[in-house]
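Input: a single structure, listed below in structure tokens.
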Amino acid sequence: MLKIVLLGAPGSGKGTQSEKLVAEFGVPQISTGDLLRSAVSNQTELGKKAKSAMDAGELVSDDIVVGMIRERLAEDDTENGFILDGFPRSLDQAKALDSLLDEMNRPLQGVVHIKVDNEEIVQRLMARGRSDDNEETIRNRLKVYQDQTQPLVKFYEDKGLLTAVAGVGEIDDIYARIKAALPAG
Ligand code: B4P
1 MLKIVLLGAP GSGKGTQSEK LVAEFGVPQI STGDLLRSAV SNQTELGKKA KSAMDAGELV
61 SDDIVVGMIR ERLAEDDTEN GFILDGFPRS LDQAKALDSL LDEMNRPLQG VVHIKVDNEE
121 IVQRLMARGR SDDNEETIRN RLKVYQDQTQ PLVKFYEDKG LLTAVAGVGE IDDIYARIKA
181 ALPAG
């Protein structure tokens with residue numbers, strides 16, 4: 001059973017580390033970024049609404065993202081847990097997640113904050129080269145992170161749920177730190 005959030009700036013390695021957790025713990029990774037990109041490429045109504053925000057490095061509206069998470073958490077494969085990657089990204093999203101998990105009687109076990117400095121992030125994302133990985137959009141994503149997502153550090157600290165790990169170095173070394181930071185049970 002693992003019910004956690006991976007918190008971190010864009011490019012901090014949330015997706016990379018989630019894949020390793022999925023392989024070891026057998027619980028699904030729920031990435032709002034992946035869900036949104038799939039909606040965009042399938043040209044669904046939701047995808048059409050999300051595209052311009054994503055291209056600009058802004059957050060997609062809470063209504064859309066929270067609705068997506070509600071549906072995804074209702075699927076059977078989340079019974080033994082989940083890794084939330086890229087959600088929540090704002091205080092309103094975090095509060096919505098709390099109510100959702102309360103309703104389902106599945107409290108969050110912990111939040112792992114992967115810390116990486118901005119210059120390293122810009123370098124990593126420029127090297128990845130996804131369509132939203134150009135310098136202007138990356139700088140905006142970092143600003144949005146600072147303004148809207150960073151407050152979640154205190155929010156989860158106050159609940160006693162947060163552990164920070166250094167996100168720079170070899171991927172396997174970071175993974176070992178994350179495993180050491182996982183909540184018991
Ligand atoms: P995401 O898909 O979440 O994009 P991200 O934060 O850039 O990805 P991630 O952090 O997982 O990247 P990773 O470190 O794995 O979001 C994209 C957009 O979707 C957002 O801008 C927003 O518009 C929208 N969105 C998503 N969720 C939302 C929400 N909840 N609310 C509103 N809008 C939302 O990888 C980065 C690169 O670093 C990779 O190339 C990887 O190989 C490399 N890397 C990883 N670890 C490394 C290491 N240790 N050393 C060197 N390189 C490393």
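In the UniProt record's numbering, the protein residues as written are 1 to 185. Glycine included, each C-beta is placed from N, C-alpha and C at the ideal position. As the structure is a computational prediction, the values presented were derived from the model and not from experiment.
Residue i versus the options, residue with shortest Cα-Cα distance
i, options, result
"A74", "P28, A94, D85", "P28"
"I138", "L7, S12, G57", "G57"
"M104", "R72, V168, Y145", "R72"
"D147", "A9, G26, E170", "A9"
"K179", "G13, Q17, L7", "Q17"
"L152", "V112, G13, V22, Y175", "V112"
"D68", "A53, Q93, I121", "In the sequence as presented, Asp is not what sits at residue 68; that position holds Met. Minimum Cα distance to M68 is reached at Q93."
"V65", "D77, L100, T78, R130", "L100"
"D62", "L36, V168, N42", "L36"
"S12", "R177, N118, V22, P107", "N118"
"G169", "R124, Q109, L21, Y156", "R124"
"L59", "T78, F87, R106, P183", "F87"
"F155", "E24, D98, M1", "D98"
"T163", "N42, M1, A176, P183", "P183"
Residue i, buried or exposed, once every other Cβ within 10 Å from all chains shown has been counted against 16
i, result
"D85", "buried"
"R128", "exposed"
"A39", "buried"
"R141", "buried"
"residue 193", "The question about residue 193 has no answer here: the residues shown for the chain are numbered 1 through 185."
"I171", "exposed"
"A50", "buried"
"R89", "buried"
"S52", "exposed"
"G26", "exposed"
First and last residue of the uninterrupted alpha helix (DSSP H) at residue i
i, result
"K51", "45–56"
"A18", "Going by the sequence as given, residue 18 is Ser instead of Ala. Where S18 is concerned, the enclosing alpha helix (DSSP H) stretches over 14–25."
"V168", "Here V168 belongs to no alpha helix (DSSP H), and DSSP marks it neither H nor E."
"Y156", "151–158"
Distance, residue j Cα to residue i Cα
i, j, result
"K115", "L46", "31 Å"
"T44", "R70", "18 Å"
"M34", "N80", "Correcting the residue type first, residue 34 is Asp in the shown sequence and not Met. Going by the C-alpha atoms only, they are around 21 Å apart."
"D133", "L91", "25 Å"
"L6", "K95", "16 Å"
"G150", "D76", "A small fix is needed here, since residue 150 is Gln in this sequence, not Gly. Q150 and D76: Cα-Cα distance of roughly 31 Å."
"K20", "I30", "13 Å"
"G160", "G110", "8 Å"
"R130", "D55", "10 Å"
"L108", "A181", "14 Å"
"K143", "E136", "11 Å"
"E120", "M126", "10 Å"
Span of the beta strand (DSSP E) around residue i
i, result
"K3", "2–8"
"Q29", "29–31"
Counting only runs of 4+ residues fully inside the region 57–143, write out the alpha helix (DSSP H) ranges in chain order. 62–73, 91–104, 118–128
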